[in-house]
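One structure is given here, and the rest of the page talks about it.
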């Protein structure tokens, strides 16, 4: 009969008899193995029932999964130990089985872990991993007991746990305490008594608002002996607007919020409205499922509000590159990957980023799972290289109440004008008849009406250009021009600092004779010979002359281009224009901007571009910031290569894609609309300026040259030509005059319609007046939009991107195509949910999703106790910690999700109140009990109250609040308080180079509002372990360093706070003991102890004597900071009290939560 031997009996017997010799035991199948005696000796200390999740998986994950885990590429010997199928299956090569449940003899894993042979032992010596004897003993017992695998604890949906029964029924104040006390009683421990009232008030105030209680609030709470005194305080704090600020700090770490783009150039961005949204959402207690859904997919909700759209800025908080020369797609891929990684860490509590380049080594997340998640975030209408001037598209324009009222007034005025701009109005017919009668008598071509530029390219090559480009003359002129520009820039900066108006001197026009002397001026404008087109680029690769469609043409062979002079081709969004030219493309594959007025990627391709796509189709864009704040249309048909064709683009100034027309060889080309979302200027960006300001270019955009095509007969008009006018430009008979010459009875319907359209849009005075009025109103509308804040948000592309598994995570190594899907080992994605970000949010919040509610509850707990119930709050996977109180975690997770009583579902404030009202939270943090400290050194059993150093923001805010300097204003743009000089300047390259300190109230805003530059975060906050915000962070480290004391003793913000607090106390008419008592209350929320009073009085006396001897030293100390000094207080006294208050601001209770 198969049975287990009594191992404990054998252990005792053999230990006494033969010491450390091995012993033979029987497996469940009767096969004997000799277990090492050192393992047998440990068996009495092992759990009676070994649990896979609690005892075995941590061992396997740390020591085995790297080589025998889910990552197929790294699996050794074909063995997989993270699944029962892999562990129980016979190995292909040897036929042996790693684990045979209940049978040590047949379990190869057993023999490997107990072997002393380095060639045979597992883990191998080369891995530098070792199993302890206790771990070996646990593995052995687990195999003996059947080697039962269980799903990872965090992948099992949480269930509402029963409230445990406890012995000390008088201690619990709510359900939390039953779970905590049950475990304490099991360990033979008792909880600490409740903290004293002052300590408790300070603790809960800091935890719920991030600010200490005022002296008046401390006195009031100490005097309130009612049973609801503490509950009333909690309710007051939860209703405070500072509650939202406190909560926002935690979330902004996870959301990787910053005020700059990051990477090398690290320019400023407008993201503070998202921070406002977060603060408001917490203060209004927005249901947490909505809080998450809006951020993940607010743009996908039916009829989304502005707040829903703004919330999606969460997905755009990642770093973005402004650097020139980058590969667009490479960086766009990085942005999408960051969204996936943030979603994984912030909402799933999983290190999904480990699966970007290969299957996860420890968790059941394959590389395919990663890119299936990636597909949810891959359809944002964005690009990799972002502009220096302009918020990266897509954006949301946030208009103020005043601006919105102005916009409404403009829209109301535009409505009747839009009706008058309908060309089919009956009154236009009368005028048309009169005009037609007159025009028929003397038909005239309209080909020159509105023509502002015409370049024939018939001129001979300028042979002197190459010599000029290499000449000393050019170097001298370039140097003079640079010097002139530098002086001009310095003068502009000087005038700006002094608040003087900008002075612009109109350029002095040159004559043609003067212009001809410059070898770069190669092509003459037939309309205005003072505006010649220039050669530019490599003098060895100049566009050369070839036979054109009409006369001669220019062939572009790369590394050079033709540029038109300013202001030729410059138009605003509300202005109509036409551009036309002949082209001959030499071969398939030519792609890029053939011509256009575009500022290139540094300005979001602001302007307009006529681009040839690689497949032979045309793309026309009119942009503020491409690809979303723009109009984008593409042709359906393709061009013929090695063949002259005529291309004309017209735009009617409407700001709509329908206002763009493209004509090939005189005929309208069918267009498909890609984007129709232009709101802002196509001429300038922020502050009415551009970063580059490129002219109209042929053969180049920014630093990208287009080659292997010819151009001829370029014309630019300041009006939108009608369909009847275009054929004449395309070498066909003038359709307008032809129609006029044709007898009325013989005119076709097309001719009649064309004549009518031409008349109304160009000659009818009523229509022209309405058009000019509307144009003027739209100019005002543009100005209002341009002066409003824009914030990056999410917006899906019209035509979805395909998503591929990227080999090694490289942008240019696509593998198999994947579709949006959630990881296979997590909750299945419901079929009724849409496969987009909205569906992903719904999946995340589904009751069967095992992760999200646990992850969030754990992080909320971490805010109050310094550690979560799962210490590894960023990793709920195999490498993460097990929960210290699993039933409590599940209870809170289900209660948060499903609600309890009147609290409602996903009620964050209710959960926070539950935590801070618990006896567990209210315990004293002091512990003189050595037994308790030995049994619970890190307070994981929650045997005492929380105690740890406060966050960087709290440390600074406490000093400001205690001194009375803190500004109560909620929300708004980021501020620039005191900061050591030169930090930004030392690290900045070309954008946001100089740190310009603010003044007044902005110096005293909460630290939450301090400008966050990723390459140079606020140094004070970095010293206190604030995250750099490059990536998602859900748990800050806590260090204690000498630098921190140097900050609180010497940083101007803290020195000024000490002075102002001392000044405030001095003005209250208190004696020295009372003054010291007041300062201690303001800083630590308790009165001074007798010994402290004696020390501070002694310090004050010594410092006063010293400052009286050295008035200069007193003046230097008091000069720190901008807050005015009270002249009524003698400077030596104020300086002495400044030292005293600074000392009190540096006691440990000032920065440590007790």
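Numbering (UniProt numbering), first residue to last: 1 to 1154.
Heads up, the beta-carbon is just placed ideally off N, CA and C, and yes, glycines get one too.
Spatial distance of residue i from residue j (CA atoms)
i	j	result
residue 25	residue 37	Confidence is the limiting factor: at residue 25 the pLDDT is only 43, short of 50, which leaves the residue's position unreliable, though a coordinate-based value still follows. In a straight line, the C-alpha of residue 25 is about 11 angstroms away from that of residue 37.
residue 462	residue 695	21 angstroms
residue 1030	residue 204	30 angstroms
residue 887	residue 285	26 angstroms
residue 650	residue 601	23 angstroms
residue 705	residue 558	6 angstroms
residue 723	residue 754	7 angstroms
residue 304	residue 550	54 angstroms
residue 27	residue 99	Only weak support exists for where residue 27 lies, its pLDDT of 38 falling under 50; the coordinates are left without a value.
residue 435	residue 571	30 angstroms
residue 319	residue 336	11 angstroms
residue 1154	residue 862	15 angstroms
residue 636	residue 443	36 angstroms
residue 437	residue 757	16 angstroms
residue 889	residue 293	23 angstroms
residue 689	residue 400	22 angstroms
residue 22	residue 134	Any reading at residue 22 needs caution, since the residue's pLDDT is 38, under 50, leaving its predicted position unreliable; the model's value is listed next. Taking the straight line from one Cα to the other gives about 16 angstroms.
residue 1120	residue 1057	10 angstroms
residue 631	residue 671	12 angstroms
residue 272	residue 184	45 angstroms
residue 333	residue 245	33 angstroms
Bridge partners - residue i, DSSP secondary structure assignment
i	result
residue 385	321
residue 97	90, 107
residue 818	803
residue 632	621, 675
residue 585	709
residue 649	579, 662
residue 537	560
Option in the options with minimal Cα separation from residue i
i	options	result
residue 866	854, 418, 947	947
residue 980	994, 990, 989	994
residue 816	805, 809, 825	805
residue 943	949, 951, 1042, 934	934
residue 855	351, 663, 426, 729	351
residue 136	176, 70, 41	41
residue 686	709, 791, 590, 738	791
residue 780	925, 456, 680, 831	680
residue 575	310, 257, 1054, 721	721
Segment limits, beta strand (DSSP E) that includes residue i
i	result
residue 33	32-35
residue 598	592-598
residue 867	Segment: none, residue 867 is in no beta strand (DSSP E) and carries neither H nor E.
residue 711	709-717
residue 1022	That residue, residue 1022, is in no beta strand (DSSP E); its alpha helix (DSSP H) goes 1019-1023.
residue 395	395-398
residue 545	544-547
Endpoints, alpha helix (DSSP H) assigned at residue i
i	result
residue 1203	Given that the chain is displayed from residue 1 to residue 1154, the structure contains no residue 1203 and the question cannot be resolved.
residue 205	197-209
residue 231	229-239
residue 1076	1072-1084
Min CB distance residue i to chain B below 8 angstroms
i	result
residue 275	The question asks about chain B, but that chain is absent: this structure has only one protein chain.
Proximity test, residue i beta-carbon vs the ligand COA heavy atom, cut-off 7 angstroms
i	result
residue 119	Annotation note on the ligand COA: not contained in the displayed structure, which lists no ligands.
Next on the checklist: I'd like to know if the segment 71-84 and the segment 369-377 are in contact, where contact means that at least 3 CB-CB pairs between them fall below 8 angstroms.
Outcome noted: Taking one beta carbon from each stretch, the segment 71-84 and the segment 369-377 have fewer than 3 pairs nearer than 8 angstroms; the two do not touch.
Checklist entry - Between the segment 576-591 and the segment 715-733, do three or more beta carbon pairs fall short of 8 angstroms? => result Result yes; three or more Cβ-Cβ pairs closer than 8 angstroms.
Checklist entry - If you pair each beta-carbon of the segment 905-920 with each one of the segment 210-219, do three or more pairs fall below 8 angstroms? => result Result no; under three Cβ-Cβ pairs closer than 8 angstroms.
Item to check | Three or more C-beta pairs below 8 angstroms linking the segment 397-407 and the segment 792-809 | outcome: Between the segment 397-407 and the segment 792-809, the count of Cβ pairs shorter than 8 angstroms is below three; the stretches do not touch.
Checklist entry - Given 8 angstroms as the limit, is there contact between the segment 127-141 and the segment 54-64, that is, 3 or more CB pairs closer than that? => result Flag = yes, the segment 127-141 and the segment 54-64 touch.
Next on the checklist: Count Cβ pairs between the segment 86-97 and the segment 154-172 that sit closer than 8 angstroms; are there 3 or more?
Outcome noted: Contact fails: fewer than three Cβ-Cβ distances are below 8 angstroms.
Next on the checklist: Taking 8 angstroms as the cut-off, does the segment 614-623 touch the segment 528-542 (at least 3 CB pairs, one atom from each stretch)?
Outcome noted: Segment contact: the segment 528-542 against the segment 614-623, fewer than three CB-CB distances shorter than 8 angstroms; contact not assigned.
Checklist entry - Is the segment 295-315 touching the segment 816-830 in the sense that three or more CB pairs, one from each, lie closer than 8 angstroms? => result No, because fewer than three Cβ pairs between the segment 816-830 and the segment 295-315 fall closer than 8 angstroms, the two stretches do not touch.
Checklist entry - Can you find at least 3 beta carbon pairs, one from the segment 972-987 and one from the segment 1072-1091, that sit closer than 8 angstroms? => result Short answer: they don't touch.
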